[in-house]
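Everything on this sheet refers to the single structure shown next.
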């Protein structure tokens, strides 16, 4: 199963977290993951992906205008795919939850099924998605890895159960 990880990163923090997402999903057997900046999208890979993670830095309590522009002008069919989000912020309370909610609303508009794992698999909880302050401390990085692995495991099971 292919999983695309699309991100926007100005300082490199969100790119580093995207790499952690890839590392986490690859803990599940038969997962092929690819990270890509919004400036360098592998359209064919995204089209084949069952899951697409979207990562953004937080600006003014929301997701980046660059990610918004990319989503607004995206010609890739995202409808029917499972969408997940992650965000970085410069400090605790920097608005990452709001950024994730705004990004989730855009994914719903695109016709995606949104999945966060939530509290379904116990602690650590990821109500909306993974969040890191800058590129994350050790605990935040571990949460990202767990979040990504849980998404891959649960989506793989869901798709297997459907077929």
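Numbering (the UniProt record's numbering), first residue to last: 1 to 163. Idealized CB from N, CA, C, for every residue including glycine.
Measuring alpha carbon to alpha carbon, tell me which residue in the options is nearest residue i.
i: residue 133; options: 123, 38, 97; result: 97
i: residue 19; options: 95, 143, 88, 34; result: 34
i: residue 37; options: 60, 6, 92; result: 6
i: residue 8; options: 83, 143, 39; result: 39
i: residue 66; options: 10, 89, 79; result: 10
i: residue 78; options: 4, 157, 159; result: 4
i: residue 53; options: 16, 74, 131, 21; result: 21
i: residue 159; options: 46, 81, 12, 109; result: 81
i: residue 120; options: 68, 45, 87, 147; result: 147
i: residue 60; options: 46, 94, 41; result: 94
i: residue 13; options: 69, 140, 42, 73; result: 140
i: residue 144; options: 75, 109, 69, 123; result: 123
i: residue 74; options: 157, 142, 111; result: 111
Would you say residue i and residue j are within 8 angstroms of each other, going by their C-beta atoms?
i: residue 128; j: residue 155; result: no
i: residue 58; j: residue 103; result: no
i: residue 114; j: residue 51; result: no
i: residue 99; j: residue 63; result: yes
i: residue 131; j: residue 89; result: yes
i: residue 76; j: residue 46; result: yes
What residues in its chain sit with their C-beta under 6 angstroms from that of residue i, if we drop five residues either side in the sequence?
i: residue 2; result: 32, 48, 49
i: residue 106; result: 71
Near residue i, what residues of its chain come up, given a Cβ to Cβ distance below 7 angstroms and the 5 sequence neighbours on each side ignored?
i: residue 149; result: 24, 25, 27, 28
i: residue 91; result: 133
For residue i, count neighbouring C-beta atoms within 10 Å of its own C-beta (all shown protein chains included) and say buried if the count is 16 or more, exposed if not.
i: residue 135; result: buried
i: residue 137; result: exposed
i: residue 44; result: exposed
i: residue 16; result: buried
i: residue 83; result: buried
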